[in-house]
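One line per chain: the protein sequences are A and B, in this order.
Counting in the working numbering, the first sequence runs from 32 upward without gaps.
Counting in the working numbering, the second sequence runs from 427 upward without gaps.
A quick write-up on the structure given underneath.
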Amino acid sequence: MTMKRYFAILLALSVLASCKEKDIQKWDYSISGQVPADKNFEMAIMSYPSDEKGGPYEADTTEVVNGKFSFKGNMDRPQLAELNLIEKEEQEREDNDVAGMANVALFYLDGTLNITFNEKGMASYEGGGEEQQAWLQWEEMSKSLAESKGGVTLEAFQNLVGEFVDRYPDRYVSIDLMDIVTQGPIQYDLVAPMYDALSERMKNSAKVLAWKPALDKAKTYLTGELKAPVFTMNDPGGNPIALESYRGKYVLLDFWASWCAPCRAENPNVLAAYQNYEDSNFDILAVSIDTDKEAWLKAVHEDQLPWKHISDLKGSDNEAAKAYGVEAIPDNFLINPDGFIVARGLRGKALHDKLNDLISKKTK
Amino acid sequence: MKTKIFLLLFVITGYVQAQIFEPVTWETSVKKNSDSECDLIATAKIEKGWHLYSQAVPEGGPVATSFSFEGNSNYLKKGNTNEEKGHTVNDPIFEMKITYFADRAVFTQRIKLRNTKPFEIKGSVTFMVCDDSRCLPPTTKDLTFNIN
């Protein structure tokens with residue numbers, strides 16, 4: 032046995048051992064809280080995910096006695112908990128911003144933590160372990176983002192999560208925040224750098240192991256290793272259009288429907304891309320998962336989409352959508368001149384960037 | 427401030443979302459109003475961020491939610507299926523007023539009983555859901571109501 036091999040086995044064993052250890056390890060927490068004496072709180076309800084993967088919420092309830100309450104317990108890993116104070120008599124409350132977070136606390140169940148609610152019902156925290164400290168940092172970061180000039184866009188939020196993961200690669204807070212980019216279809220370019228930044232401990236956590244296969248799958252949509260399933264479907268005039276007839280060109284296979292507002296909102300962007308590259312070797316083929324032909328054609332007309340449109344009018348049973356595993360729309364696949372998938376789910380600026388990378392624009 | 431709250435909630439709700447999309451789950455119940463009258467109640471639990479649409483959406487917009495109940499000799503439908511108020515917005519994309527439900531929606535169908543023995547009513551609901559960035563196509567779920 033070579034030395035290298037020997038070390039590899041040792042490493043594997045130690046990883047196994049540490050996994051085993053983690054299985055047994057329980058995280059203790061002890062939460063104590065104070066509320067203003069004049070407030071009429073009866074109970075505190077604390078809810079948190081019940082398992083390592085973040086599965087269904089469990090709720091614990093405790094009485095508020097003399098303005099104090101406490102929770103004690105242990106769990107497989109520190110979890111983000113939401114605590115709500117319940118008043119003896121529900122009071123009419125103005126639905127303003129403060130009321131939204133009043134008498135609510137968000138924190139990690141991690142070590143000994145003290146929560147103090149002020150007169151307005153806003154919580155402040157003292158103590159807690161490393162996860163709680165990281166969470167407080169996230170609160171600061173997200174607050175700065177909300178108050179920044181650009182405000183909160185999905186993109187800015189995703190970037191902030193990436194920044195946080197870079198700073199706290201070994202925290203559960205990081206992988207919990209990554210839920211936002213790992214639930215539903217995964218954008219490989221966005222998630223892969225975050226995954227790579229994570230510590231080995233986090234990479235081997237139950238939650239990350241659960242979505243890792245989806246990340247690997249997302250990669251295959253970029254590498255050009257997946258052959259685009261071929262199919263033939265009719266245009267509104269009943270003429271069969273074969274995907275294979277687009278060989279030799281880049282084609283954006285675009286899934287949409289008339290009743291889908293996010294699709295309709297994206298259409299002008301797709302149209303702009305089409306106009307930019309229509310004179311190059313690029314085309315669009317749009318598959319509608321409508322069932323109502325009239326509604327479909329009306330939407331094509333309203334949004335002025337000059338490329339070819341096809342549908343079998345079977346709605347969610349659309350054969351092309353099934354072949355491509357499309358669940359939610361809008362969704363699209365960029366297929367190269369050889370008939371292989373080179374990108375999926377291109378929206379907004381990402382669509383233009385990708386086309387710019389791949390297609391040399393012909394000057395008119 | 428509001429955005430901060432939004433972010434926090436956003437994060438919290440991320441936890442409960444499954445990998446496979448099923449943002450709406452349906453539960454049924456039956457409320458007895460009198461010996462001869464019941465309400466069939468279908469409750470939709472909607473995941474944070476997703477919208478279920480009203481039964482009354484103008485044409486050319488999202489697909490409206492619709493109910494159907496299999497007729498049988500044990501009962502008669504009384505009127506249409508009622509829904510809660512929901513949220514009504516001027517939709518900038520469809521340029522029309524659209525009513526949707528978030529978090530939870532309760533639909534109620536009043537029926538008149540024609541006899542007193544227990545029986546079952548089969549029905550179905552067809553609905554679509556969207557969040558801010560995507561939609562799931564209309565789908566139909568079976569509903570069963572047990573009258574005791």
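From the three backbone atoms N, C-alpha and C, an ideal C-beta is built for every residue, glycine too.
For Asp220 (chain A), the enclosing alpha helix (DSSP H) stretches over residues Tyr219 to Ala228.
Distance from Ile390 (chain A) to Tyr277 (chain A) at the Cβ level is roughly 14 Å; contact not present, criterion being Cβ atoms closer than 8 Å.
Per DSSP, reduced to three states, the secondary structure at Cys556 (chain B) is strand. Lys345 (chain A) is not a Cβ neighbour of Ile272 (chain A), given a cutoff of 8 Å. Neighbours of Asp558 (chain B) across chain A, judged by C-beta separation under 8 Å: Pro293.
Under the 8 Å Cβ criterion, the segment 320-340 of chain A does not count as touching the segment 233-250 of chain A, having fewer than three qualifying pairs. One alpha carbon belongs to Asn235 (chain A), the other to Tyr526 (chain B), and they sit about 41 Å apart.
Close CB contacts of Tyr355 (chain A) within its chain, under the 7 Å cut and outside five residues either way in sequence, are with Pro260 and Phe364 (chain order). Shown here for Thr507 (chain B): same chain residues with a beta carbon closer than 6 Å to its own, the five before and five after excluded, namely Phe493, Phe533 and Gln535 in chain order.
Between the beta-carbon of Pro109 (chain A) and that of Glu170 (chain A) there is about 16 Å, and that puts the pair past the 8 Å contact cut. Under DSSP, Ala68 (chain A) shares a beta bridge with no residue.
Assigned with DSSP and collapsed to three states, Pro299 (chain A) falls in helix. The C-beta separation of Arg295 (chain A) from Ala330 (chain A) comes to about 7 Å, placing the pair in contact by the 8 Å criterion. Within the same chain, Cβ atoms closer than 8 Å to the Cβ of Cys291 (chain A) are found at Ile360 and Pro361, the five residues on either side in sequence being excluded. Judged by beta-carbon spacing, Leu386 (chain A) lies within the 8 Å limit of Ala304 (chain A), meaning their Cβ atoms are closer than that value. Collapsing the DSSP output to three states places Asp529 (chain B) in coil.
Taking C-beta separations shorter than 6 Å and ignoring five residues to either side along the sequence, the partners of Glu157 (chain A) in its chain run Asn145, following chain order. In the DSSP assignment, Lys503 (chain B) falls within the beta strand (DSSP E) that extends over Tyr501 to Glu509. Put simply, of B:Glu463, B:Ala482, B:Phe520 and B:Met522 the residue whose alpha carbon is nearest the alpha carbon of Glu509 (chain B) is B:Ala482. Against chain B, the CB of Trp58 (chain A) has no partner CB under 8 Å away; the residue lies outside that interface. Along the segment 539-564 of chain B, going in chain order, the ones with a CB nearer than 9 Å to a CB of chain A are Met554, Cys556, Asp557, Asp558, Ser559, Arg560, Cys561, Leu562, Pro563 and Pro564. In the three-state reduction of the DSSP assignment, Pro271 (chain A) falls in the strand class.
Going by DSSP, Asn115 (chain A) is part of the beta strand (DSSP E) stretching over Leu111 to Glu118.
In this structure, the alpha-carbon of Ile573 (chain B) lies about 14 Å from that of Ala468 (chain B). For the beta strand (DSSP E) assignment, the uninterrupted runs of no fewer than 3 residues enclosed by the segment 290-359 of chain A are, from N- to C-terminal side, 313-319 and 339-341.
Under the 8 Å Cβ criterion, the segment 86-101 of chain A does not count as touching the segment 193-205 of chain A, having fewer than three qualifying pairs.
For Pro544 (chain B), DSSP assigns no beta-bridge partner whatsoever.
Residue environment for Glu448 (chain B): exposed (fewer than 16 other C-beta atoms within 10 angstroms of its C-beta). DSSP places Thr213 (chain A) in the helix class (H, G or I) of the three-state scheme. Three or more Cβ pairs closer than 8 Å define a contact, and the segment 134-144 of chain A meets that threshold against the segment 57-77 of chain A.
Taking 9 Å as the Cβ-Cβ cut-off, the segment 361-388 of chain A approaches chain B at Pro361, Asp362 and Arg378, given in chain order. In the three-state scheme derived from DSSP, where H, G and I count as helix and E and B as strand, Ile519 (chain B) is classed as coil. Secondary-structure assignment with DSSP links Glu157 (chain A) through a beta bridge to A:Asn145. At a cut-off of 8 Å, the C-beta of Ile519 (chain B) has a neighbouring C-beta in chain A. At least one CB of chain A lies nearer than 8 Å to the CB of Phe447 (chain B). Contact annotation, Asn349 (chain A) with Ile315 (chain A): C-beta distance approximately 17 Å; criterion of less than 8 Å not satisfied.
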